[in-house]
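Heads up, the sequence shown is in the working numbering, so the first residue is 219 and it goes up one at a time.
Report on one structure; see the data block that follows.
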Amino acid sequence: MNFRDMIRGFLGSEVEVLTANDYLDGTLISIDETTLVLQIPPIIYGPPGDVAVVPLSSVELVRVLAV
Numbered sequence: 219m220n221f222r223d224m225i226r227g228f229l230g231s232e233v234e235v236l237t238a239n240d241y242l243d244g245t246l247i248s249i250d251e252t253t254l255v256l257q258i259p260p261i262i263y264g265p266p267g268d269v270a271v272v273p274l275s276s277v278e279l280v281r282v283l284a285v
C-alpha cells in the first residue's frame, strides 16, 4: 500500500494539507497519480466553489480531521 492508496480511503473527509510553502484545509474530493484535490472554504467575498489542486510531490503532511 502506498500513500495514494491510503489517502483514497479518506475521500470526502475534512483534511489539513501541509506543503513547504502553504497550509490548506478542506474536503478531500479527488486524488490521482500526481495530484490531490481539495474543496476549500471560499476566500472572503469569493465564489463558494473554490478548489485547490496540490501536486503530490509537494505534500509533506496530511492530517484527517473528520471521517
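From the three backbone atoms N, C-alpha and C, an ideal C-beta is built for every residue, glycine too.
Keep in mind it's a predicted model, so treat the numbers as computed, not measured.
Local Cβ density within 10 Å of residue i, reported as buried at 16 or more and exposed below that
i      : result
Ile249 : buried
Ile225 : buried
Val282 : exposed
Leu229 : exposed
Val271 : exposed
Leu254 : buried
Own chain residues within Cβ distance below 7 Å of residue i, not counting five before or after
i      : result
Ala284 : Ser231, Glu232
Own chain, CB closer than 8 Å to residue i, minus 5 neighbours either side, in chain order
i      : result
Pro259 : Asp243, Gly244, Asp268
Helix, strand or coil at residue i according to DSSP, with G and I counted as helix
i      : result
Ser231 : coil
Asp223 : helix
Neighbourhood of residue i by C-beta, 6 Å cutoff - its chain only, sequence neighbours within 5 removed
i      : result
Glu234 : Asp243, Arg281
Leu279 : Leu236
CB-CB length for residue i against residue j, believed under 8 Å
i      : j      : result
Ser275 : Ala238 : Actually they do not touch by this definition, with Cβ atoms about 11 Å apart.
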